[in-house]
Amino acid sequence: MLPSITILSLLALATFSIPCLSQTTKHDFYVCAAVNKNYVIGSKIVTTSGLHRSDDAGDWQHVGINDPSIFAVSFDPRNRDVFYTAALNGALRTLDGGKSWRIMTSWDITEPKDICVDPHAPDTVYLAHPGGVAVSKDQGKTWLRLEKGLPERGKYTQTIEADRVRKGRVLAGCETGIYLTQNGARSWRRVLQTKETVNDIQQSPHNPETWVAVTQSSGAWASQDNGQSWIPFPDVPSEAALYNITFDPTDPKRLAIGSYTYGVLTSEDKGETWTTRNEGLPDPHRVWRIGVHTDTGRLLASVYQNALFVSDDFGRTWSKEGLEGSAINSFVFLPKERK
Amino acid sequence: MKSNFITSLLALFLFAQIVNAQPSYEAAHPSLDVIEDPIQRRAEYMARVNEVIEWRADIVKNGLAEKMDLASVSANLRLGRNIDECSARVIEMMQTPGSGPFWMLPSVCAAFSGKDLLSQEARDAIRESWRTTYQLRGDTENHFAMYYTMLYLMSEMYPNEPGDTWYTGKSSEENLAESRDYLIDWMDLTTTIGQGEFNPTHYIGEYAIPMLYLVSWAEDPEMQMRGKMTLDWLFAGLAANTLNGVLRGPNSRTDDSSVIERWNSLTSFFSWINFGNCPPTKGFSWGNYYGVVAENYEMPEVIYRIATDRDGSFEQRDLKRSRHQWRYSDVGKAPIYKTTYITDDYGVGSYQGGMADPIQTHVWDVTWKTPDPRGLHPTMFSAHPYSAPKGMQAYFNVRPDTMVTAVAAEGKPSYDVADKLVGCSPYEQVFQDLDTIVALYDIPKGTRFEQVNGFFSKDLKNLSEDKSGWIFAQGGDAYLAYFPLAPYHWEAHMRYSRLPSTGNGYRYERIDSGSQVLISPHVKNGTILQAAATSEFANFEAFKKAIRALPLEFTLEPTPNVKMRSLRGKDISFEYGSAPKVDGKAIDYSKWKLFEGPYLNAEKGSRKLEITHGRLKRTLDFNTISISDSVIP
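Protein chains in written order, with the working numbering: chain A, 1 to 339; chain B, 1001 to 1633.
In structure tokens:
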């Protein structure tokens, strides 16, 4: 059974990020954060890393496993106690809100970077990993390598996003470009060729036909036709890697890009022009992840192994908001549960 | 994420400072006599095993029971001593477990060593830590080998337990099946297309110790047998690549110290304990975890003799494989063609160049025999100091901007340093014929570090720069001739000395080692090296005269190209980007076997290794999981 329109709408909002704050917010705010500096395999983990949720007081509460390698989390829209993470050991799943976990993949899938529950068929989970794309149709119990149409070499996959409106459509950001499936990963075709890895793909919360993407060395791109064709954003530099891109769910004209080299780039005219917004961020402004709070439009920037910074004027000024020493891999917002 | 190996070494080094004398480390170099009597051979092996265990256990006798680590706990348990102290210490340590294979291995060692000795509370503490503490699998082949062997053994020790009692969330049977599948797949790769982390100076322990644990503790007879066969496979490779116990030739992984002081690596521990033909390293390092159950391995005579009982020079050619390349490459596991030529006096080894691993690889060298290898730098080689974020990204699933800095902070300080000596390069191609090396470099303009570095040891004698362009020197009983194809200058070799941590990664200072580095700041470049035994010539001048007389032509534009006659009378022609030729015939690497030489032979894809010495022959057959020994008529 398909989820209701209400749930789909809420899920759409849930793909974007915003920080904690107060009891007035409508969404719970989660981050996947590594808090260990210079962690090496075998070290004792002396800090708390992994999934954190901001409570009503704005304090971060750790959820689940203390794992510095969690890159992404995706929730089952039917039951928020069911969610999946992409981490060093593979895809993990909890059925009880993080109290207990299971590594769902085996030895042959390692270090996935992104994971996405299909909003139209939540038993289906898409996994972006270095070997390509894996799909589970049974809540992660078994996995299939559904890669027809992906190249034998060049299918390293960094990011994967399911279309929240059209069933069976998924976009994967790979080493050689963006690949689109319209049949639930039974086959893929390349819709954008890039020289190096596509680092992030996002669907607009305002217009589901609009998608944006950023890459390691090919700049930033937009599609206005459901990901079928792509045009580059003008003014966005491409000499160094762009890590991620986000819409502002509260303002359809606003976009932001995070980059270790360039820091924060923002646009307030739907990507026509871009401005660097690093004043007030630590120097060097090594932005690991950028996000926008779904409820408030507050701009969020994780500065690598430094802290979370926030801006209430879309990057013109910044202030530190905690999570000292962290590198945040993703921001996630979920509608608050009714109590 | 990089391994915590150096942390472990440091901890063991510090441990070594607080306990008693280490006899074999401090003693004179051991005898190189071949022990013919198998009973005496085994007795001496067991004496070395016992030295390790006793030394490690003695921390309690020294009044430092509260400082025991899991190696010293295991050593005491092995000896049946201080059981109460061991139990107390285990309970204490299990309150703050580690987070990956470098913790899993020691905890398994203690769990099995104390299976019938530790208190129930202590055993429960270990078991509970495997439920509560999430273990990270790591990202390298040695991490996986340790992770899955340890998970296999623990799951076998505690069968029929549900997923909620394991950090994986999987039941004992599921853990066991997954671990077994991985280990068999890894053995299959190794026995068909070659070892990944081949000839490592330190990481041999990360494979040998897990395999010994399978031999010692696996209940499944097939996995026991697989462990034993893989140990034989590893040690046969060690035997054929050592001279007087010291590892020779290229390394998939090494470090800034071991690439220079060739003896100072964990392989020397394994040569010492197995063959008794070199001193062990200080504190036995990670070998303490091997020593605890080393009695469970019986060194086959045929392997022992390959290491210790040579009859002249030999060339061994092996097929290996690169670290897996996830992206930016047409191939995932690239073939590595490795050559080792070892005489009574020196060894010359190489692989054909290119990237075997983005960090810590060593491509070629000549190393010479010394009466005692401790503290010496008996080696000569050149390398391009390649450093590139995209090069890292091919093998590591990381963003481009942090990895270069991170590896330096994680114990590989030279990665992004111009005068580094460890590492391979996509712009280096190497050809070896017996004791002749031709290394060519075609480094694109704009590449970070447009130079080639050559290492010249403080232990060389009679170093001279000849008008002919050759640089002559003598190392031990080897004469050496090094020809740089482009101009150069000399710089002091600055070794890395570890400083106390300030809590934010490793720190080092650099100290003049007394050796020198030849810096050749030219992108079209190359090195020719010719080695010979001093016994082949009346004197050093005669060697120089012979070298000067060798026909040699080279050009650097448009690509480096060498035509020469070797000291062994071979006409070698080698142009960067083309197959090298010997006496007009191009080398066909596609016909390279898995092993080919007087001691080790295997066909590619065969899963079957024949180990021979004289009339002795042992066959390891992974198709039938069997070992057969025979005496050739």
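Each residue gets a CB set at the ideal place from its N, CA and C atoms; glycine is no exception. Please read all numbers here as calculations on a predicted model, not as lab measurements.
Beta carbon proximity, residue i to chain B, threshold 9 Å
i: A:E260; result: Glu is not the amino acid found at residue 260 of chain A; the sequence shown has Tyr there. Yes, because at least one Cβ of chain B sits closer than 9 Å to the Cβ of A:Y260.
i: A:D283; result: no
i: A:Q202; result: no
i: A:D67; result: yes
i: A:G291; result: no
i: A:T197; result: yes
Span of the alpha helix (DSSP H), counted from its first residue to its last, around residue i
i: B:C1109; result: 1101 to 1113
i: B:M1157; result: 1141 to 1157
i: B:K1390; result: 1389 to 1395
i: B:M1403; result: 1403 to 1409
i: B:R1078; result: 1070 to 1079
i: B:C1086; result: 1083 to 1093
i: B:Y1304; result: 1301 to 1308
i: B:Y1025; result: 1023 to 1026
Alpha-carbon to alpha-carbon, residue j and residue i
i: B:F1483; j: B:S1258; result: 24 Å
i: A:L150; j: A:E161; result: 16 Å
i: A:W348; j: A:T157; result: Outside the displayed range of chain A (1 to 339) lies residue 348 of chain A, so it cannot be described from this structure.
i: B:K1369; j: B:A1538; result: 20 Å
i: B:R1510; j: B:L1421; result: 14 Å
i: B:S1271; j: A:V310; result: 58 Å
i: B:S1414; j: B:A1408; result: 7 Å
i: B:A1218; j: B:F1112; result: 10 Å
i: B:T1281; j: B:D1255; result: 15 Å
i: A:S267; j: A:T94; result: 37 Å
i: B:A1602; j: B:E1596; result: 7 Å
Neighbour flag for residue i against chain A, beta carbons, 9 Å
i: B:Y1415; result: no
i: B:I1587; result: no
i: B:N1397; result: yes
i: B:P1210; result: no
i: B:T1168; result: yes
i: B:K1390; result: yes
i: B:V1073; result: no
Interface partners of residue i on chain E, CB under 9 Å
i: B:S1171; result: Chain labels in this structure do not include chain E; the protein chains are A and B.
Run of the beta strand (DSSP E) containing residue i, from where it starts to where it stops
i: B:A1542; result: B:A1542 -> not in any beta strand (DSSP E); alpha helix (DSSP H) instead, spanning 1540 to 1548.
i: B:M1564; result: 1561 to 1565
i: B:P1484; result: 1478 to 1484
i: A:D235; result: From DSSP, A:D235 is part of no beta strand (DSSP E); its letter is neither H nor E.
i: B:K1461; result: 1461 to 1465
i: A:Y156; result: From DSSP, A:Y156 is part of no beta strand (DSSP E); its letter is neither H nor E.
i: A:C81; result: Checking the sequence, you will find Asp at residue 81 of chain A rather than Cys. 79 to 87 is the extent of the beta strand (DSSP E) around A:D81.
i: B:K972; result: As displayed, chain B neither begins before 1001 nor continues past 1633, which places residue 972 of chain B out of reach and without an answer.
i: B:V1060; result: From DSSP, B:V1060 is part of no beta strand (DSSP E) but of the alpha helix (DSSP H) over 1038 to 1061.
i: B:L1231; result: Unbroken run through B:L1231 is the alpha helix (DSSP H), 1221 to 1240; no beta strand (DSSP E).
i: A:R93; result: 90 to 94
C-beta atoms of residue i and residue j nearer than 9 Å
i: B:P1426; j: B:G1194; result: no
i: B:N954; j: B:S1382; result: Not covered by the structure: residue 954 of chain B. The range shown for chain B is 1001 to 1633.
i: B:I1572; j: B:P1560; result: no
i: B:F1144; j: B:W1186; result: yes
i: B:S1087; j: B:N1288; result: no
i: B:G1476; j: B:Y1290; result: no
i: B:V1246; j: B:P1378; result: yes
i: B:M1094; j: B:I1126; result: yes
i: A:V135; j: A:S74; result: no
i: A:A72; j: A:D114; result: yes
i: B:R1248; j: B:I1342; result: yes
i: B:I1273; j: B:Y1045; result: yes
Proximity test, residue i beta-carbon vs the ligand MG heavy atom, cut-off 8 Å
i: B:V1052; result: The model depicted lacks the ligand MG and carries no ligand whatsoever.
| request: Taking 8 Å as the threshold, find out whether the stretch 243 to 252 of chain A comes into contact with the stretch 273 to 282 of chain A through three or more Cβ pairs. | output: no
| said: Taking 8 Å as the cut-off, does the stretch 1201 to 1213 of chain B touch the stretch 1166 to 1182 of chain B (at least 3 CB pairs, one atom from each stretch)? | reply: Result no; under three Cβ-Cβ pairs closer than 8 Å.
| message | Counting beta carbon pairs with one atom in the stretch 1352 to 1369 of chain B and one in the stretch 1594 to 1608 of chain B, are three or more of them shorter than 8 Å? | response | no
| message | Would the stretch 1481 to 1496 of chain B count as touching the stretch 1512 to 1526 of chain B if we require 3 or more Cβ pairs under 8 Å? | response | Taking 8 Å as the limit for Cβ pairs, the verdict is that the stretch 1512 to 1526 of chain B does touch the stretch 1481 to 1496 of chain B.
| Cβ contact (3+ pairs, closer than 8 Å) linking the stretch 1609 to 1627 of chain B and the stretch 1294 to 1308 of chain B | yes
| task | Kindly confirm or deny that the stretch 1165 to 1174 of chain B and the stretch 97 to 105 of chain A touch, where touching means at least three C-beta pairs closer than 8 Å. | result | yes
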